[in-house]
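Below you'll find the structure, written out as structure tokens, and then a few comments.
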Amino acid sequence: MTGKAPLFDWDDLRIFHALVSAGSMSGAARKLGIGQPTVSRRLDQLETRIGARLVTRLAEGIELTDVGERIWTQVQIMQSTAGDIERIAHQADRADSDRVRLSAPEGVAGYWIARHLTGFVEANPNISLEISTRTDGENTLEQCDIALQMSESKRMSHVATELATLHYVPFASRHYLDTYGPPKGLADVLMHRTADIVSYREQQTHWPREAAAIKQMLNPSLTTDSAIALIEAVKAGAVISLLPTYAAKVEPSLIHLDLELQVPITLWMVYHPEQRKVTRSRKAIDWLREIFDSSRYPWFRRDYVPPSEFSDVETVHIRGERPRPRLV
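Oh and the sequence shown: position 94 is 93 in numbering that gives the first Met the number 0, straight run, nothing missing.
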């Protein structure tokens with residue numbers, strides 16, 4: 000079986016591209032690092048194989064013929080494709096290295112993700128994880144590869160999956176309770192020193208109706224946009240505040256005030272589907288799923304699990320009068 004001889008050598012097209020780009024035989028030779036006679040000979044070979052003159056040799060350089068113009072258009076496309084192939088190959092070589100940009104709420108980043116970084120950095124020494132806690136709604140997705148957020152993305156082009164449920168319950172410190180005493184009931188909390196975080200306001204539409212109505216009645220002693228400031232204020236004994244139940248695991252000195260009040264907020268993981276094709280991003284996504292796995296960490300389950308069931312944190316059970324807000 001005999002095969003048909005190829006119409007041209009791919010390398011001849013590379014030389015043709017260099018010739019037209021440089022505008023002369025000598026310019027192409029310098030660009031390619033070969034002799035000018037070699038450029039001329041390879042051009043002759045290409046024209047012979049195609050069966051048409053591609054350029055007209057002039058004293059000041061070269062000029063494309065009609066056929067040469069049409070072939071030059073296709074060669075430019077081929078050159079661009081070759082560049083794309085090189086970039087893909089380069090990305091493949093560096094697929095498990097370079098930077099992954101992650102956006103997450105400050106409390107989640109500082110009190111949970113940071114505590115699990117050791118395993119990730121040891122397993123992926125070539126990946127640089129960049130964590131940002133400055134969130135700007137949907138605009139955050141333009142600035143990161145993976146976003147953890149407390150609202151589902153409205154972008155149809157992105158994947159949004161439920162990563163965990165954060166159950167917010169009231170916490171206080173021993174110093175606070177020794178100083179002011181525990182609330183006598185949920186209604187009495189309105190008379191205590193409480194704290195509020197700005198992001199809670201944005202999430203209020205997802206709160207249970209009673210919790211949202213009670214929150215409207217609060218006159219907080221502290222309002223902040225920092226989850227770290229909030230939890231430190233609770234630890235110091237300045238205020239009572241809602242904190243996610245995993246706070247009992249990372250700060251066991253806190254005291255859970257069991258007022259039969261808990262607010263579940265879904266934590267979403269959002270990313271463009273193309274990120275799953277990038278090894279480093281896929282590793283980060285899988286790692287995040289692992290450290291928020293509710294089968295290992297029961298406080299992230301959809302169903303509420305009291306802190307006393309997974310932590311040695313002290314719990315004060317309070318069953319007094321509940322406020323009677325006007326529910327709308």
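Beta carbons: idealized from backbone N, C-alpha and C, even for Gly. Just so it is clear, the structure is predicted and the values come from calculations on it, not from any experiment.
Return yes when the Cβ of R100 is within less than 8 Å of the Cβ of D144, no when it is not.
Numbered from its first residue, the sequence shown carries residue 144 at position 145. Numbered from its first residue, the sequence shown carries residue 100 at position 101. Contact flag set, yes.
What residue from P104, Q261, T37 has the CA that sits closest to H166's CA?
Position 167 of the sequence shown, counting from 1, holds the residue named residue 166. Considering only alpha carbons, the answer is Q261.
Go to G32, then tell me how far its alpha helix (DSSP H) extends in each direction, as first and last residue.
Along the sequence shown, one-based indexing puts residue 32 at 33. From DSSP, G32 is part of no alpha helix (DSSP H); its letter is neither H nor E.
Cα-Cα separation between L189 and Y179, rounded to whole angstroms
Residue 189 sits at position 190 when you count from the first residue of the sequence shown. Residue 179 sits at position 180 when you count from the first residue of the sequence shown. In a straight line, the C-alpha of L189 is about 13 Å away from that of Y179.
Take P305 as the anchor and find which of G32, A247, I290 has the nearest alpha-carbon.
On the sequence shown, residue 305 is found 306 positions in, with the first residue counted as 1. Of G32, A247, I290, the residue nearest in Cα terms is A247.
If we count the other Cβ atoms within 10 Å of its Cβ and call it buried at 16 or more, is S240 buried or exposed?
Reading the sequence shown from its first residue, position 241 is the one you call residue 240. Burial call: buried.
For E121, the first and last residue of its enclosing alpha helix (DSSP H)
Here the question's residue 121 lines up with position 122 in the sequence shown. E121 -> alpha helix (DSSP H) spans 116 to 122.
What is the DSSP secondary structure of I112, reduced to helix, strand or coil?
As a first step, residue 112 is located in the sequence shown; it is residue number 113 there, counting from the start. Helix.
8 Å Cβ cutoff met for I254 and R192:
As a first step, residue 254 must be located in the sequence shown, where it is residue number 255. As a first step, residue 192 must be located in the sequence shown, where it is residue number 193. No. Outside cutoff.
Outcome for R301 when other beta-carbon atoms lying within 10 angstroms are tallied against a minimum of 16
Counting from 1 along the sequence shown, the entry for residue 301 is found at position 302. It is exposed - the Cβ of R301 has fewer than 16 other Cβ atoms within 10 Å.
Does the Cβ of W286 have 16 or more other Cβ atoms within 10 Å, making it buried, or fewer, making it exposed?
Residue 286 sits at position 287 when you count from the first residue of the sequence shown. Looking at its Cβ environment, which holds 16 or more other Cβ atoms inside 10 Å, W286 is buried.
Going by beta carbon distance, what residues of the same chain come within less than 8 Å of I284, once the five residues before and after it are set aside?
As a first step, residue 284 is located in the sequence shown; it is residue number 285 there, counting from the start. The residues are I145, M268, Y270, Q274, R275.
Rounded to whole angstroms, what's the CA-CA distance from L258 to N123? Just pull it up for me.
Taking the sequence shown and counting its residues from 1, one reaches residue 258 at position 259. Taking the sequence shown and counting its residues from 1, one reaches residue 123 at position 124. Spanning the two alpha carbons is a distance of roughly 43 Å.
Tell me the residue span of the alpha helix (DSSP H) that contains T178.
Here residue 178 refers to the residue found at position 179 when the sequence shown is read from its first residue. Element bounds for T178: 173 to 179.
Return the CA-CA distance between Q148 and A113, expressed in angstroms with no decimal places.
Against the sequence shown, residue 148 aligns to sequence position 149. Against the sequence shown, residue 113 aligns to sequence position 114. Cα to Cα, the separation comes out at about 16 Å.
For a minimum of 4 consecutive residues, which ranges assigned as the alpha helix (DSSP H) are wholly contained in the segment 236 to 299?
246 to 249, 278 to 290
Below 8 Å between beta carbons: does that hold for E250 and I264?
For the purposes of this step, residue 250 is taken as the residue at position 251 of the sequence shown. For the purposes of this step, residue 264 is taken as the residue at position 265 of the sequence shown. Against a cut-off of 8 Å, the Cβ pair of I264 and E250 comes out as no contact.
Taking the Cβ atom as the reference point for each residue, do I317 and L256 lie within a distance shorter than 8 Å?
Residue numbering aside, residue 317 sits at position 318 when the sequence shown is read from its first letter. Residue numbering aside, residue 256 sits at position 257 when the sequence shown is read from its first letter. Contact flag set, yes.
Option in A194, Y110, P243, M216 with minimal Cα separation from A237
Taking the first residue of the sequence shown as 1, we reach residue 237 at position 238. Ranking the options by Cα distance to A237, first place goes to A194.
Residue burial classification, P243 (beta-carbon count within 10 angstroms, cutoff 16)
Position 244 of the sequence shown, counted from the first residue, corresponds to residue 243. Result: buried.
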